[in-house]
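Peer 1:
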Amino acid sequence: MIQKYRYGNPFDTEAIITSMETAEGDPAVGSISLSEGFTFSYTMADADIVYGLGESNRGINKRGYRYVSHCADDPNHTEDKVSLYGAHNFIIISGKTHVGFFFDYPGDLCFDIGYTRQSLLTVSCADADLFLYVITGTSAYDVTKQFRSVIGRSYIPPKFAFGFGQSRWGYRTAEDFRTVVTKYRNEHLPIDMLYMDIDYMDAYKDFTVNPEEFPDFPAFVAEMQAQKIHLVPIIDAGVKIEDGYDIYEEGKKGGYFCKREDGTDFAAAVWPGMTHFPDVLNPDAREWFGSKYDVLLSAGIDGFWNDMNEPAIFYSEESIAELDTFLQDYLDGKVEGTQPHWILGTQLGALANNPADYRRFYHNINGQQVRHDTVHNLFGYNMTRAAGEAFARLAPDKRILMFSRSSYIGMHRYGGIWTGDNKSWWSHLLLNLKQLPSLNMCGFLYVGADLGGFGCDTTRDLALRWLALGVFTPLMRNHTAIGTREQEYYQFEDIADFRHLLGVRYRLIPYLYSEYMKAALGNDLYFKPLGFVYPDDAIARETEDQLLLGNEIMIAPVYTQNASGRYVYLPEEMMFVKFLPDGSISTEILPQGVHYVKIALNEVPLFIRKGRCIPVADAAESVPEIDSSTIQMLGYEDAAYERYDDDGVTPPEI
Ligand code: GLC
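Final position of the sequence shown in my numbering is 661; the numbers increase by one with none missing.
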């Protein structure tokens, strides 16, 4: 059962699409205080697990820490961080009873989940203007499915987007892109997508391409398509301020940019230098910005990634002026206090993504000025919605690949997400695994991390182990930062190992796609924590390094260096399957309990649940080359599997 409560004058985020009556009074569970902003308190039982929070730090069970929903451009995802790029305000408290809460509030929201006091959950925000949804159910899984049924269907990408994609910040010239494709194809490393980071643009201007490098861009797109490669360009939030640049001129003329209180366009520096932010919370501006994707769609592009849409700010005109004054004072010896030199360093570090800047600009929503910080978490959502709504107008017969960095619940209807700037750290491989089911609970099904790690230099073994997890994530992309070690899979020793792992992905696509579509069409999860399926099994409830994928398999990747295998917990008898480097598949029935399983760097393990089977095809080098006539069933004898399939292009009926 779902009940909706209203406090104050909430902003309509459109996260929930089912209309519901507002209940009288306060929820029967927990307590509400409106004395200082809004605070919800709830006493947790010792055995309660707290699930949810989508893209957030730490474990699947969120207990014992605090989290702040504030879409943040922070590339250092260390254990102490309380905010990442998404704001997904749905949690479930699951023990003897099962209750979910969705706090539909677009500003900063703090979750203290047994951090201050171990049994106390508090959720608080500065303004008591929000909708609170309370969902009671028979299990955490049941609560999740009820929540998913009111937020609308998850985004469905084209089938090619289940292939592998290569990316690197730094590919600039047509030759750079050609080289990558040639190496992948010559080495028979399967691939379907090549991502274009900011350097494809003309001076980092959205919806432009560098005219010197790509004098005939549609021809370049076609050249790639002839090699079964989809180019996927990045689009950033900030529109460069440059006289004569059509997008800038149109935005200025139409009043489509976010404004300061005095009505002038707010200016902030991002990659292109000074930019304006399109006011994607304003329906007219959203329609205008969305229509610009046509510049690339009409060149043959069928996929995009939206970035820097928290929105990220390197500095603003105001903050740089303030810094300038401070520097003058510092040089003149006028800075008060005992630590002027330290203060100088802090001032410099605080320039980017400064909360003061988020209070300096406004959205124009139905004629009302809304200060950005009060709706901060809706920016990435609405930038991606701009694109999604435009695709439905511009390419109604086609699915377009779309994923975003920043998000709020509601955006899951328009695109997927990638989890931003991780690092080539083993701990981030594990974080990637743990984020997956939480993201699914919040509706984000098309998800994945930068495989191999974005920041820092990767190692061959980390690249392989991370790829063995990426084999299962709907979005499967190797991406890395400029200046890091080259990370395309042909850069490493013994390329055959990478070829094999990529090949396993393509062998599994008939199953992975089928399970994705079943999850999307049925408001279900693609990745589930073990506790969702084995709620009475205390060990399963605590297991955070294994996941169920779809209804048939469990995955248990290796995430430590120099390990030749790992311990795995089987809540029931399962078939342990390994895809071996010679193309064969080993199977072994293992009884319920704890096992140490050997898994070499060039093997992909999975576990088939008792009595089930999955379809497996022969390896292919691109999604259209997967030959469904080669599909065989792998798993328990006499088991049956109903495979979902479609053309992978036509958008399914709503
Ligand atoms: C941001 C993105 C990253 C991209 C870089 C350059 O850091 O998160 O993926 O490579 O910007 O565009």
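For every residue, glycine included, the Cβ atom is placed at its ideal position computed from N, Cα and C. Keep in mind it's a predicted model, so treat the numbers as computed, not measured.
1) So, with DSSP's three-state summary, where would you put residue 444?
2) Check the DSSP bridge columns for residue 616 and list the partner residues they point to.
3) Terminal residues of the continuous beta strand (DSSP E) containing residue 472?
4) Identify every run of the beta strand (DSSP E) within the segment 285-326, keeping only runs that are complete inside it and at least 3 residues long; order them along the chain.
5) Can you tell me where the alpha helix (DSSP H) with residue 391 in it begins and where it stops?
6) Check the DSSP bridge columns for residue 536 and list the partner residues they point to.
7) Got a sec: does ligand 1 put a non-hydrogen atom nearer than 7 Å to the Cβ of residue 427?
8) Could you please give me the residues that DSSP links to residue 138 through a beta bridge?
9) Can the beta-carbon of residue 541 be found closer than 8 Å to that of residue 574?
10) Going by C-alpha distance, which of 607, 84, 38 and 277 is nearest residue 468?
11) Going by DSSP in three states, residue 676 sits in which element: helix, strand or coil?
12) Is there contact between the segment 320-328 and the segment 353-365, where contact requires at least three CB pairs shorter than 8 Å?
13) Could you spell out the range, first to last residue, of the beta strand (DSSP E) harbouring residue 459?
14) Helix, strand or coil for residue 65, going by three-state DSSP, please let me know.
15) Taking Cβ to Cβ, would you say residue 283 is nearer than 8 Å to residue 248?
16) Starting from residue 346 and walking both ways along the alpha helix (DSSP H), at which residues does that stretch end?
17) Quick check on residue 186: does DSSP put it in helix, strand or coil?
18) Below 8 Å on the Cβ atoms is my contact criterion, and I expect residue 72 with residue 96 to pass it. Report the Cβ-Cβ distance as a whole number of Å.
19) Which first and last residues belong to the beta strand (DSSP E) in which residue 277 is found?
20) What are the boundary residues of the alpha helix (DSSP H) that includes residue 224?
21) Note down the Cα distance separating residue 445 from residue 110, rounded to an integer number of angstroms.
22) Roughly how many whole angstroms lie between the Cα atoms of residue 597 and residue 643?
23) Taking the Cβ atom as the reference point for each residue, do residue 461 and residue 480 lie within a distance shorter than 8 Å?
24) If you pair each beta-carbon of the segment 85-101 with each one of the segment 46-58, do three or more pairs fall below 8 Å?
25) For residue 486, verify whether its CB is less than 7 Å away from any heavy atom of ligand 1.
26) Quick check on residue 23: does DSSP put it in helix, strand or coil?
27) Looking only at its chain, what residues have a beta carbon closer than 6 Å to the beta carbon of residue 1, apart from the 5 residues adjacent to it on each side?
28) If residue 552 and residue 437 are in contact, beta carbons under 8 Å, what's the gap, nearest whole angstrom?
29) Since residue 497 and residue 191 are thought to touch, with beta carbons under 8 Å apart, how far apart are those beta carbons, to the nearest angstrom?
30) With DSSP as the reference, label residue 154 as helix, strand or coil.
31) Considering only the alpha carbon of each residue, which of 527, 579 and 186 lies closest to residue 234?
32) Quick one: grab the DSSP three-state call for residue 368.
33) Tell me, please, which residues DSSP counts as bridged to residue 488.
34) In three-state terms, what does DSSP make of residue 353?
35) CB-CB under 6 Å to residue 381, same chain, minus the five flanking residues each way: which ones, in chain order?
36) Per DSSP, which one or two residues make a beta bridge with residue 282?
Peer 2: Put simply:
1) helix
2) 581
3) No beta strand (DSSP E) contains residue 472, which is instead part of the alpha helix (DSSP H) from 467-477.
4) 310-314
5) 386-401
6) 554
7) yes
8) 13 and 111
9) no
10) 607
11) Not covered by the structure: residue 676. The range shown for the chain is 8 to 661.
12) yes
13) That residue, residue 459, is in no beta strand (DSSP E); it is neither H nor E in DSSP.
14) coil
15) yes
16) Careful: residue 346 lies outside any alpha helix (DSSP H) and carries neither H nor E.
17) helix
18) That belief does not hold up - the Cβ atoms of residue 72 and residue 96 are roughly 16 Å apart, past 8 Å.
19) 275-277
20) 224-233
21) 16 Å
22) 12 Å
23) no
24) yes
25) yes
26) coil
27) The first residue shown for the chain is 8 and the last is 661, placing residue 1 beyond what the model contains.
28) 7 Å
29) 7 Å
30) helix
31) 186
32) coil
33) Answer is none; residue 488 lacks a bridge partner.
34) helix
35) 114
36) 247 and 275
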